[in-house]
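In what follows, a structure is listed as structure tokens, so that the remarks can point back to it.
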Amino acid sequence: MAPRTLPREERKLFDEVVRNFSYAEALFEARRCIYCYDAPCVQGCPAGVNVPEFISRIKSENILGAARIIYSANPFGSICGRVCPTEALCEKACTSKLLNAPVAIGHLQRFACDFALDREKVQFAYPSADKGAVAVVGGGPAGLSCAHFLRLLGYEVCLFEKEEALGGLPVYGIPGYRLPKAAALREIDLIASGFEREEAVITSSSAQEILNGVQAVFLATGSGVPAQLNVPGEHLEGVFSANLFLKEVALGKFDRFSFPGKEVGIFGAGASAMDAARMSLRLGADRVTVIYRRSKEEMPAFPSEYEGAEEEGVQFLWLAAPKEIRRVNGRLEVLLERMKLGAPDSDGRRRPEGTGQYFSMQFGALIKAIASVPDKEALSIWPGLELGKSGYPLHDNGRSTNPKIFLGGDLVGAGTVVQAVADGKNAALKIDQWLKKGGA
Amino acid sequence: MTPDLSVQFCGIKFPNPYILAAAPTTDDAEMVARALEAGWAGAVIKTTSVESEPVELVYPQMGAIEVNGQKLVGMLNIDLISKRHIDQVEKDVRYLKKSFPQKVIIASIMGSQKEHWEELVQRLEAAGVDMIECSFSCPHGMPERGMGSTIGQNPELTERTARWVKDTAKRAPVMIKLTPNVTDIVPIAQAVKRSGADAVCAINTVLGLIGIDIDTFSPVPSVDGMGIYGGLSGPAIKPIALHFVSRIAKNVDIPISGVGGISTWRDAVEFMLVGARTVQLCTAPMHYGFRIIDDLLDGLGNYLEEKGFGSVEEILGRSLPWLTTYAHLSRKHKVKSEIDLETCIKCDLCYIACRDGGHQAIELMSDRSPKVDEEKCVGCALCPLICPVGAITMKEAS
């Protein structure tokens, strides 16, 4: 059962679109779970949440028990309940799919976690930190998750984050209508209560100092640098990166994005493209068009993200690639090449090829949401950390080329909050195992 | 050809076997009229008494068992007989008989002394009632006053009271409603037979405690904090009722009106297969309304047609010869579970049930599909009961 959503006409800037299940709705949905043995949904969850157990606790109206099961595997339970692409993870594997429809696992997770959070019944019992110190660099889901599990394992943690607020993408990137800031901060603040936090931009010397002062470092600084279109005119005024756009809007700085009556073009068709498109509509854009060089089939956005955008009236222009952006009479004119699909490339998606046919479209603003990559310069300060050609650090299952530095999150291509949480958890376990064996 | 759904019961022709039991659904002539209009064959008007009999009800009166979201799997009440005395029920009977001459109007009565039983019968017959049901079976409230199941738990009291009624009744057949709250129902049914009464109705509600409110510690239903044992009805008591009905049918030669947990035409067919001539419903229409009669009739007709029966009469008691004793069950009969992997959804509930509640006879393959180990499978038939998609059947072993 899908939960009710806020009617379209009532959707303001940050109003959460998907409503929480009511108590009765949650029970109704939980009862659809057939409580499989060795349930495939658990394998479908990167964080390994014991789904059938938490759902059976909802069934027995032991909601706090359900929340405890979720939190034992994922300290971002409520956040992930909202933003996980469940249709590609736990729910994809749900056995009930073969009966009628998968159980709404994500919504049930949110229900149980919010139930416990509302009653202030979520506490993490961090033991005394007597196993030595580990530094965590980056306060997004991967870093916070690693810090959380390291603290549970008894390590002292110092976390470095350059932004004022902890949380990373859930706070600065995911729009409030999918994840209200207050909802994100409830869990982030609980986790952050467990360790020391430094608000600092790390330099070469401080990196060395940190490495010397701790037993291991977990690096999870994300991939926040927007990729370029590499076409003339992409730096003109009125052309924004999705990262910057979403972050500024999250911080309440709307002045630069006055879209009323404007037509907005979005390049790319991933999660941030969908978010930028829907946010543009909320900022008053008259028409928003997502422009993608491949077709709907190859689009990286998850179905729920695409459906959300489509439902709100976002238009899609498939098989078109920008070649040049010009300012014409105060508007941005994009020269687009009509594309066609060729042979599959290394990731199995069909590669777009130019057709030599061109056409132009005019927009009031443009947002680039094609991809983002790690900050090479910021990574170069870490001794012994080798980067690959693409700018991502080389690693073997989260182990970098410096044995003392562990990696996770978007730095190793996590792509989702839940995968970042899983990376952080796995890194904490690996660090613990490595240090138990003597470490460096 | 459309099967004939009518049945003969105590010399009365019922257009179909479905009767509304004495209950809140029949405590008002207008309600009964709507039910008869909807298609019910008849109704037992809620139990009445002489004007001098005090009936003081308490509220709330109901509690229920809910199983994984299914409401009213079992319902318990601490209601009593009707507050409406014989003077009002006489009027109801007259009105209903006039409005529905083809339908069967049954009155249910309860008395605390011989004269009351006799007066009730005389006045109801004068009003034109088709049949009289006597409640010897109410399990709560009335027994404290020597009424209800106090009578139905004792063969002598049953025979004596039933005889008072039967001897008074000049025209209307008499049916005695029995309580399941006895160690053996056969001597009670035999007592009814000896009294000369025409039929039994089995069963009334099962004495129970539906639950405790774990927040307030009060029994459910809680009357200002206090509670009592009450009468359990609904699907949960169907196996108990089937047991009693079949036991009476096998041991006593007396027509039976079956009642207890009937919700669907399938339940009704089962009751008739073990000897009930008519069936009574209470909890199901209280839950879903009189409209359920449409499917009760339609499903029964389709069933009979599909099985090649021309009438309801042909199925009555048909399963009784196959009810036996343990000593007579075959030791040679061997069955094994068989799993249809085309239907299986790999939830592996059969695996865990067999592992922890059976004989460890189901293995899991690497793709999570279950496989029966025929050496270990004893044929207990737990797994087909658990399978949510009906992929498991019991096959005769060679």
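Residue numbers (my numbering), protein chains in the order written: chain P, 131 to 570; chain H, 48 to 445.
Virtual Cβ for every residue (Gly too), placed ideally from N, Cα, C.
Within the continuous alpha helix (DSSP H) that includes residue i, where are the two ends?
{"i": "residue 404 (chain P)", "result": "401-412"}
{"i": "residue 306 (chain P)", "result": "It is not in any alpha helix (DSSP H) - residue 306 (chain P) carries neither H nor E in the DSSP assignment."}
{"i": "residue 178 (chain H)", "result": "Element bounds for residue 178 (chain H): not the alpha helix (DSSP H) but the beta strand (DSSP E), 178-182."}
{"i": "residue 200 (chain P)", "result": "193-203"}
{"i": "residue 282 (chain P)", "result": "271-282"}
{"i": "residue 154 (chain P)", "result": "153-160"}
{"i": "residue 514 (chain P)", "result": "Counting along the chain, residue 514 (chain P) falls outside any alpha helix (DSSP H), and DSSP gives it neither H nor E."}
{"i": "residue 181 (chain P)", "result": "181-189"}
{"i": "residue 72 (chain H)", "result": "Counting along the chain, residue 72 (chain H) falls outside any alpha helix (DSSP H), and DSSP gives it neither H nor E."}
{"i": "residue 170 (chain P)", "result": "170-174"}
{"i": "residue 399 (chain H)", "result": "396-404"}
{"i": "residue 431 (chain H)", "result": "430-433"}
Which residue or residues does DSSP assign as beta-bridge partners of residue i?
{"i": "residue 131 (chain P)", "result": "For residue 131 (chain P), which the question treats as bridged, DSSP gives no partner whatsoever."}
{"i": "residue 484 (chain P)", "result": "P:469"}
{"i": "residue 124 (chain H)", "result": "H:109, H:278"}
{"i": "residue 152 (chain H)", "result": "H:90"}
{"i": "residue 460 (chain P)", "result": "Its beta-bridge partners do not exist; DSSP assigns none."}
{"i": "residue 474 (chain P)", "result": "P:480"}
{"i": "residue 395 (chain P)", "result": "P:419, P:496"}
{"i": "residue 326 (chain H)", "result": "H:65, H:305"}
{"i": "residue 56 (chain H)", "result": "H:59"}
{"i": "residue 526 (chain P)", "result": "P:529"}
{"i": "residue 51 (chain H)", "result": "H:358"}
{"i": "residue 490 (chain P)", "result": "P:465"}
{"i": "residue 450 (chain P)", "result": "P:468"}
Tell me the residue span of the beta strand (DSSP E) that contains residue i.
{"i": "residue 417 (chain P)", "result": "417-421"}
{"i": "residue 106 (chain H)", "result": "Segment: none, residue 106 (chain H) is in no beta strand (DSSP E) and carries neither H nor E."}
{"i": "residue 381 (chain P)", "result": "That residue, residue 381 (chain P), is in no beta strand (DSSP E); it is neither H nor E in DSSP."}
{"i": "residue 362 (chain P)", "result": "Taken as a continuous stretch (DSSP letters only), residue 362 (chain P) belongs to no beta strand (DSSP E), as it is neither H nor E."}
{"i": "residue 60 (chain H)", "result": "59-61"}
{"i": "residue 288 (chain P)", "result": "286-291"}
{"i": "residue 370 (chain P)", "result": "369-371"}
{"i": "residue 262 (chain P)", "result": "Neither: residue 262 (chain P) is in no beta strand (DSSP E) and is coded neither H nor E."}
{"i": "residue 565 (chain P)", "result": "Here residue 565 (chain P) belongs to no beta strand (DSSP E); instead the alpha helix (DSSP H) covers 547-566."}
{"i": "residue 418 (chain H)", "result": "417-419"}
{"i": "residue 442 (chain H)", "result": "439-443"}
{"i": "residue 445 (chain P)", "result": "445-447"}
{"i": "residue 535 (chain P)", "result": "535-537"}
{"i": "residue 409 (chain H)", "result": "409-411"}
Contact check, residue i vs residue j under 8 Å by CB: the rounded distance?
{"i": "residue 268 (chain H)", "j": "residue 109 (chain H)", "result": "6 Å"}
{"i": "residue 393 (chain P)", "j": "residue 493 (chain P)", "result": "5 Å"}
{"i": "residue 408 (chain P)", "j": "residue 300 (chain P)", "result": "So it is not a contact: roughly 17 Å between Cβ atoms."}
{"i": "residue 185 (chain H)", "j": "residue 156 (chain H)", "result": "That pair is no contact at about 12 Å."}
{"i": "residue 449 (chain P)", "j": "residue 429 (chain P)", "result": "No, residue 449 (chain P) and residue 429 (chain P) are not in contact; Cβ-Cβ is about 11 Å, not under 8 Å."}
{"i": "residue 122 (chain H)", "j": "residue 280 (chain H)", "result": "5 Å"}
{"i": "residue 152 (chain H)", "j": "residue 236 (chain H)", "result": "Contact flag wrong, Cβ pair sits at about 25 Å."}
{"i": "residue 415 (chain P)", "j": "residue 302 (chain P)", "result": "Rounded, the Cβ-Cβ distance is 21 Å, inconsistent with contact."}
{"i": "residue 73 (chain H)", "j": "residue 92 (chain H)", "result": "5 Å"}
{"i": "residue 316 (chain P)", "j": "residue 274 (chain P)", "result": "The Cβ separation is near 13 Å, so there is no contact."}
{"i": "residue 371 (chain P)", "j": "residue 503 (chain P)", "result": "Their Cβ separation, rounded to whole angstroms, is 12 Å, which puts residue 371 (chain P) and residue 503 (chain P) out of contact at 8 Å."}
{"i": "residue 288 (chain P)", "j": "residue 263 (chain P)", "result": "7 Å"}
{"i": "residue 208 (chain P)", "j": "residue 240 (chain P)", "result": "6 Å"}
Run the proximity test for residue i: is its beta-carbon closer than 7 Å to any non-hydrogen atom belonging to the ligand MN?
{"i": "residue 317 (chain P)", "result": "Because no ligand of any kind appears in the structure shown, any question about the ligand MN cannot be addressed here."}
* To do: Compile a chain-ordered list of the residues in the stretch 183-196 of chain P whose CB is closer than 9 Å to at least one CB of chain H.
  => 189
* Given a limit of 9 Å on CB to CB distance, which residues of the stretch 425-439 of chain H reach chain P? -> 435, 436
* Cβ-based contacts, 7 Å cut-off: residues of the stretch 379-409 of chain H near chain P -> 392, 393, 394, 395, 396, 398, 399
* **Residues within the stretch 92-116 of chain H neighbouring chain P, beta-carbon criterion of under 9 Å** => 115, 116
* When Cβ atoms are compared, which residues of the stretch 235-255 of chain H fall closer than 9 Å to chain P? -> none
* Go through the stretch 315-354 of chain P residue by residue and report every complete run of the beta strand (DSSP E) that reaches 3 residues or more, in order. => 326-329, 346-349
* To do: Would you list, in sequence order, the uninterrupted alpha helix (DSSP H) runs of no fewer than 4 residues that lie entirely inside the stretch 201-239 of chain H?
  => 202-215
* To do: With a floor of 3 residues, list each beta strand (DSSP E) that falls wholly inside the stretch 237-308 of chain H, ordered by position along the chain.
  => 246-249, 253-255, 277-280, 303-306
* **In chain order, each beta strand (DSSP E) run of at least 3 residues that lies wholly inside the stretch 347-392 of chain H** => 382-386
* Got a sec: which bits of the stretch 223-235 of chain P sit with their beta carbon under 8 Å from any beta carbon on chain H, in order along the chain? -> 225, 228, 229
* **Selection of the stretch 147-168 of chain P by Cβ proximity to chain H, strictly under 8 Å** => 157, 158, 161, 164, 165, 166, 167, 168
* **Whole runs of the alpha helix (DSSP H) within the stretch 199-248 of chain P, excluding any shorter than 4 residues** => 207-213, 220-223, 235-248
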